[in-house]
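Chemist:
Chains as they are written, first to last, in my numbering: chain A, 1 to 535; chain B, 536 to 918.
1) Please report how far the alpha carbon of residue 555 (chain A) lies from the alpha carbon of residue 766 (chain B), in whole angstroms.
2) According to DSSP, what are the bridge partners of residue 725 (chain B)?
3) I need the straight-line Cα distance from residue 549 (chain B) to residue 653 (chain B), nearest angstrom please.
4) Counting only the same chain and skipping the five closest in sequence on each side, list residues whose C-beta sits under 8 Å from that of residue 513 (chain A).
5) Under a three-way DSSP split, which group does residue 104 (chain A) fall into?
6) Between residue 875 (chain B) and the rest of its own chain, which residues show a CB-CB distance below 7 Å, the 5 nearest in sequence each way excluded?
7) Determine whether the beta carbon atoms of residue 723 (chain B) and residue 816 (chain B) lie at a separation below 8 Å.
8) Let me confirm a value: residue 683 (chain B) is counted as buried when at least 16 other C-beta atoms fall within 10 Å, else exposed. Which label applies?
9) Enumerate, from N- to C-terminal direction, the unbroken beta strand (DSSP E) stretches of 3 or more residues contained entirely within the region 749–778 of chain B.
10) Residue 734 (chain B) bridges to which residues according to DSSP?
11) Rounded to whole angstroms, what's the CA-CA distance from residue 281 (chain A) to residue 387 (chain A)? Just pull it up for me.
12) Using a Cβ distance threshold of 8 Å, determine whether the region 610–630 of chain B contacts the region 779–798 of chain B, with at least three qualifying pairs required.
13) Which residues in the same chain have their Cβ closer than 6 Å to the Cβ of residue 616 (chain B), if we skip the five residues on either side of it in sequence?
14) Taking CB distances under 8 Å as the criterion, tell me whether residue 686 (chain B) reaches chain A.
15) Exposed or buried, what is residue 629 (chain B) when buried is set at 16 or more other beta-carbons lying within 10 Å of its beta-carbon?
16) Could you list the residues in the region 589–618 of chain B with a C-beta less than 9 Å from some C-beta on chain A, going in chain order?
17) Report yes if the C-beta distance between residue 799 (chain B) and residue 586 (chain B) is below 8 Å; otherwise report no.
18) Under 8 Å, Cβ to Cβ, is there at least one residue of chain A near residue 897 (chain B)?
19) What does a CB cutoff of less than 7 Å around residue 217 (chain A) pick up in its chain, not counting 5 residues either side in sequence?
20) Put residue 569 (chain B) into one of helix, strand or coil per three-state DSSP.
21) Excluding sequence positions up to five away, which residues of its chain have a Cβ less than 6 Å from the Cβ of residue 377 (chain A)?
22) Can residue 719 (chain B) and residue 713 (chain B) be called in contact, C-beta distance under 8 Å?
23) Assuming residue 835 (chain B) and residue 339 (chain A) are in contact, meaning their beta carbons sit under 8 Å apart, how far apart are those beta carbons, in whole angstroms?
24) Quick one: is residue 519 (chain A) near chain B, going by C-beta distance under 8 Å?
25) What span of residues does the alpha helix (DSSP H) with residue 349 (chain A) cover, start to end?
26) Below 8 Å between beta carbons is the criterion; list the residues of the region 841–861 of chain B that meet it against any residue of chain A, in chain order.
27) Would a check of beta-carbon distances place residue 836 (chain B) closer than 8 Å to chain A?
28) Would the beta-carbon of residue 868 (chain B) fall within 8 Å of that of residue 462 (chain A)?
29) Going by DSSP, name the residue or residues bridged to residue 80 (chain A).
30) Whole angstroms is fine: what's the gap from residue 517 (chain A)'s alpha carbon to residue 633 (chain B)'s?
31) To the nearest angstrom, report how far apart residue 795 (chain B) and residue 801 (chain B) are at their CA atoms.
32) Please list the partners that residue 342 (chain A) has in chain B, where partner means a Cβ-to-Cβ separation under 7 Å.
33) Taking C-beta pairs closer than 9 Å, name the residues in chain B that residue 329 (chain A) reaches, listed in chain order.
34) Across the region 233–251 of chain A and the region 363–378 of chain A, are there enough close Cβ pairs to call them in contact, namely three or more that are closer than 8 Å?
35) Determine, for residue 807 (chain B), whether the minimum Cβ-Cβ distance to residues of chain A falls below 8 Å.
36) Can you look up residue 483 (chain A) in the DSSP assignment and give me helix, strand or coil?
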């Protein structure tokens, strides 16, 4: 009953600006707050709210928080702040420091529960009518999160006055949420339910689910319908979110596997040291960032842009070195290559461990990589988004190199028929070294990307090597499109299994599925056909 | 059948078995008879260490059987080894009874800790040794049979097979790391007390386990010898050298491969089972792909395609590992990595192949040099 009365009063005060007190009276009104008569105090609060003066917010907030004091000597009202000794008194309107008084020299203005409710309504209408659109938006949102039946009318007024489309929608939703808790008639409530159902989201869902059992039939039915439609929408969003997570994981797998698609897919070299090339790329990023931190902290935003080409060069030249010293003696002996490159991987790992130590290294995210964007019910972090973009760009560039450059032409020629290519004047051993270098270099670039989302430690490469092989084998050896499709489908399959099976079991299931798949199609999704297969 | 047995006991086999048991006997005597502190006394840790090496040697033998003779490079044999080890570990856990920290007569400690109310179904029967002993052979064998059945029938060969065996052991590792698998999660099974009633901390039990390992290794050696020297073994070798041709000659290649792969997995399981009581723990890290690849290098160092080469390789590399990880821990991975590269580049048939040129046919590099040199001498003499 009191709430209704209050709402009525707020309506009266807000709705009839002619009656509204002159903002110039605010100092006088504030002095009137010092009273024991709660009915009078309520009247004053409402009058203050009606001024619409933004300065009043602090005063009413202080009153509601129990921070509004009066000075005993002259009964003037101040906002008090706890100080080391006694209280600091602040001017209620400007917030300026006035003086420090002893604890007994100023007293709190007491309020009761009904006052608190009145204050909430008054504050709501003050902020809802604030000239600052940000304040209005926040007020509407906070009312939506914690709806208040007393604010329905205030919201109605604010909606009528609101010019900003987005804020008005927010206010309407807040009003709908508040109506649900009030004792308005069924028709109003059903309209409110529909507007909430249109908004969707988890908050609306919990509001609709929170409708008390005492609700009448039609309201209940409308609420159930609303819940259903929101849940359907949420299920759709969660599917979308899973697909996004899947693509994100897929892009990580793609990054790790593209280089392998060159060394294993195109050259047929089982490079077990591939993971270490990724690791070297990540450590290059670390070194670049360390140098920038120590010498030119302002350049930090560009650290990744500097690290990408450097990582390509570092891993690429290590790759060429490995090819020239080990792998070239082992062409045609795939199993031996596997063992030798495994040995190389152990050496590189231990080398990095000896130089940088066995612990994780701190690699920072530049500003454009941190933060997240909210799309409906989906959260997308910027670092994952950039990695998706980066993986696709690298794949596209690699395809261009293979299809459109002389080096790419020579690589394909050597892959298809080594002796014929040699007879045509291609220096096959040089092409071998460059191809291996290219694959390793791309692995290094992947390392830069992975350093942003994973721990940079000597074991970094180990955790990706099996996944990378799975992607390449699943997608089909010697086919970059296959690698893309393989990486994305493995990523998505993994993320869709996770909610049902948990992360580890999902991974196991995917591994088992690949093992079974290879039985069915030993050459992967997109198998090369023809003589090349026979070797 | 008699022919098969006789073939196993050829001169090389007898020499191998003689050396093996001679050394084991000496070690056992010096541990049990010589008083502690005597210069000829072998400390118990040495007995267990040699026992561990022997189980590794059996594992290497099983890898050599499929890689050296059939050309199947398994990078997942550690999985069969670990499964055998887990079967033994489960028996040993059940033997603890109510002597555990929580004193539960039925449930092992980790299950009490993880709030299990009763024993998972697959733990039943492991309180009986004969059952555990069957499982030690049966579980790895069954996994290998199913895996091989799919893989060999669809003609997954070469590196593809290597990669999926690696994926298999990786998947098993992830699975065994899970706490709710009921295998002790990441701590594995440990704190064993006794085996068949013998206290595992006792010197006598240790020596007994050493003998058991030597027996298993000897038996495995004889089986491999018998298999590879039989007609069946000739087909296996033919598959290694020219799989398609063997198939075209009418042999069911997939069945031969499946049989030898399963046999090899059973041997690996036995090796694992003997390994566990000697080191006192089994945990999921035994499944790591790196372990399985390491086994391959033991075989490669010793010389694949020669059975005693695999044994020598396993013992040598592991001795080097024990020494280096103790004395110069930084160096070990460099040495192991270097070994992989060096052996594949310069000793494709391992130490044994380099020394005497036997093994998978053809003379060794050293013997070739010697023959060339002789031929040159002969030419000089004639002219």
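Yeah, the Cβ is synthetic: ideal placement off N, Cα and C, and Gly gets one too.
Modeler: So, from the listed chains and residues:
1) Lying outside 1 to 535, the shown extent of chain A, residue 555 (chain A) is not represented and no answer is given.
2) B:816
3) 51 Å
4) 493
5) coil
6) 832
7) yes
8) buried
9) none
10) B:729
11) 15 Å
12) no
13) 594, 803, 806, 807
14) yes
15) buried
16) 602, 606, 608, 610
17) no
18) Any answer about residue 897 (chain B) is weak, because its pLDDT of 45 lies below 50 and its placement is not dependable; what the coordinates show is given next. So no, residue 897 (chain B) is outside the interface.
19) none
20) coil
21) 237
22) no
23) 6 Å
24) yes
25) 334–356
26) none
27) no
28) no
29) A:89
30) 46 Å
31) 10 Å
32) 828, 875
33) 879, 880
34) yes
35) no
36) helix
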